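Residue numbers (the numbering used here), protein chains in the order written: chain U, 1 to 193; chain S, 1 to 206.
Backbone N, C-alpha and C fix where the C-beta goes; we use that ideal spot for every residue, glycine too.
Fair warning: this is a prediction, and the values are worked out from it, not measured in the lab.
Here the structure comes first, spelled out in structure tokens, and everything after it is commentary.
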């Protein structure tokens with residue numbers, strides 16, 4: 001139980017997936033312009049990561065390990081993730097067309113969001129149990145969501161600021177992310193596994 | 001004809017540089033560039049995967065159905081990444097350990113899928129090969145520049161942990177540890193991006 005709680009806090013605050021570990025930078029830079037899309041993207045990522053971690057963990061330990069097919073890990077994991085993303089896309093198109101419009105091209109891009117594959121791979125590499133893996137997935141994706149929402153809040157204000165021409169666009173966003181990451185360094189060492 | 005092959009290579013390095021112009025593949029760019037050696041290793045791994053995957057995808061472009069092309073591309077890419085991972089693990093285990101989970105994550109590097117979708121899926125084999133080499137080298141160039149800056153400021157060395165290590169500032173030098181930290185990676189890349197924006201504007205390429 002203690003381990004589960006520390007996994008939760010470590011991957012949300014101490015070892016934040018975006019700001020400390022650099023997973024999922026592309027969507028972090030791409031969809032953090034508006035708070036609304038950031039919320040939607042964050043939710044979609046939480047959903048995809050949690051389910052895909054559950055499925056990939058089961059596939060690894062129930063199918064690949066008994067058959068000694070571990071070298072197929074990467075191929076199977078990425079296919080499962082691509083399938084999951086397709087599922088979420090179909091679901092959202094029916095359930096919430098406005099959110100589907102808002103997420104636009106970024107929804108299929110969750111497949112190439114390295115945070116998703118990273119969680120699946122790290123859960124196996126660090127030898128987490130099934131429950132720990134799921135908690136790890138939830139924590140990592142909540143951390144991603146939080147970073148995305150904080151960033152979109154800052155960027156909405158940045159729109160109104162006068163930024164020097166060469167820094168406009170991605171450059172200033174990266175520097176902002178750097179300062180945000182600096183702030184999160186304050187959590188370092190608070191908890192360890 | 002020769003010129004167009006050369007153009008395919010240089011386009012990926014300069015006009016459409018993945019790091020500085022397209023801003024793709026940021027995760028490995030930020031994560032592995034603490035030392036020049038890691039940046040170079042990552043860059044070359046991506047060159048290998050990108051060249052092979054462009055080659056195979058372009059050769060198979062008439063056989064891959066339009067609707068399921070993305071899963072097909074991903075399987076091809078994942079195969080080559082698995083091969084590169086095994087080669088690294090066998091021949092350069094220290095580099096493999098330093099790059100960590102970012103080696104398998106080459107699969108989801110947007111540059112590779114991006115080139116497959118935008119170029120290799122439509123163009124002839126030799127041009128796709130040149131495009132793969134060019135984009136790969138462009139990405140390597142980005143990694144080298146960023147890791148050079150981060151290693152000089154964050155560690156005070158060039159090519160540390162290799163046979164060619166150079167200690168730059170003498171023994172009393174206190175390195176700016178920030179540049180070896182995640183926060184420094186973001187800031188250094190942001191400043192490099194601003195610098196290249198200025199250069200490209202001066203050269204009127206935009």
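Residues of chain S whose Cβ lies closer than 8 Å to the Cβ of residue 118 (chain U) are, in chain order, 101 and 105.
When the beta-carbon positions are compared, residue 128 (chain U) and residue 5 (chain U) stay at least 9 Å from each other.
With a threshold of 9 Å between beta carbons, residue 129 (chain S) makes no contact with chain U.
Judged by DSSP secondary structure, residue 86 (chain S) falls within the alpha helix (DSSP H) whose first and last residues are 69-91.
Taking a C-beta cut-off of 9 Å against chain S, none of the residues of the stretch 133-149 of chain U qualify.
As for any beta strand (DSSP E) of minimum length 3 sitting wholly inside the stretch 139-177 of chain S, there is none. Taking 9 Å as the cut-off, the Cβ atoms of residue 6 (chain S) and residue 144 (chain S) do not count as close.
Contact residues of the stretch 10-30 of chain U toward chain S are 19, 20, 21, 22, 23, 24, 25, 26 and 29 (C-beta to C-beta distance below 8 Å). In this structure, DSSP gives residue 192 (chain U) a state outside helix and strand, which the three-state scheme calls coil. DSSP places residue 93 (chain U) within a helical segment (H, G or I) once states are collapsed to three. The beta-carbon of residue 170 (chain U) is placed less than 9 Å from the nearest beta-carbon of chain S. In the structure shown, residue 43 (chain U) adopts helical secondary structure according to DSSP, grouped into three states. The residue among S:204, S:196 and S:202 with its C-alpha nearest the C-alpha of residue 22 (chain S) is S:196. Scanning U:146, U:139 and U:125 for the CA closest to the CA of residue 74 (chain U) turns up U:125. Looking only at U:2, U:14 and U:3, the smallest Cα-Cα distance to residue 185 (chain U) is reached by U:14. Shown here, residue 131 (chain S) sits in a helix according to DSSP, grouped into three states. Residue 48 (chain U) and residue 18 (chain U) have their C-alpha atoms spaced approximately 17 Å apart.
Between residue 81 (chain S) and residue 106 (chain S), the gap from beta carbon to beta carbon is short of 9 Å. For residue 64 (chain S), the three-state secondary structure derived from DSSP is coil. The beta-carbon separation of residue 17 (chain S) and residue 142 (chain S), rounded to 6 Å, stays under the 8 Å limit for a contact. At a cut-off of 9 Å between beta-carbon atoms, residue 182 (chain S) makes contact with chain U.
The beta carbons of residue 28 (chain S) and residue 102 (chain S) sit about 5 Å from each other, so the pair counts as a contact at 8 Å. Inter-residue distance for residue 86 (chain S) and residue 92 (chain S) is about 10 Å (C-alpha atoms, whole angstroms). The beta-carbon of residue 45 (chain U) is placed no less than 9 Å from the nearest beta-carbon of chain S.
Residue 190 (chain S) has a beta carbon lying within less than 9 Å of a beta carbon in chain U. Taking the beta carbon of residue 71 (chain U) as reference, the chain S residues within 8 Å of it are 82 and 86, listed in sequence order.
The Cβ-Cβ distance between residue 118 (chain U) and residue 187 (chain U) does not fall below 9 Å. If you check the CB distance, residue 39 (chain S) and residue 147 (chain S) come in under 9 Å. Exclusion of the five residues before and after residue 146 (chain U) leaves 12 as the residues of its chain whose Cβ lies within less than 7 Å of its Cβ. Pairing residue 121 (chain U) with residue 54 (chain U) gives a Cβ-Cβ distance that is not under 9 Å. For the pair residue 153 (chain U) and residue 35 (chain U), the CB atoms are nearer than the 9 Å cut-off. For residue 186 (chain S), a Cβ of chain U is located within less than 9 Å of the residue's own Cβ.
Neighbours of residue 181 (chain U) in chain S, taken as residues whose beta carbon is under 7 Å from its own, are 182, 183 and 186 in chain order. For residue 185 (chain U), the neighbours in chain S by C-beta distance under 9 Å run, in chain order, 181, 182 and 183. Proximity to residue 104 (chain S) across S:116, S:115, S:88 and S:117 peaks at S:88, based on C-alpha coordinates. For residue 112 (chain U), the residues of chain S that pass the 7 Å Cβ criterion are 108, 110 and 113, in the order they occur in the chain.
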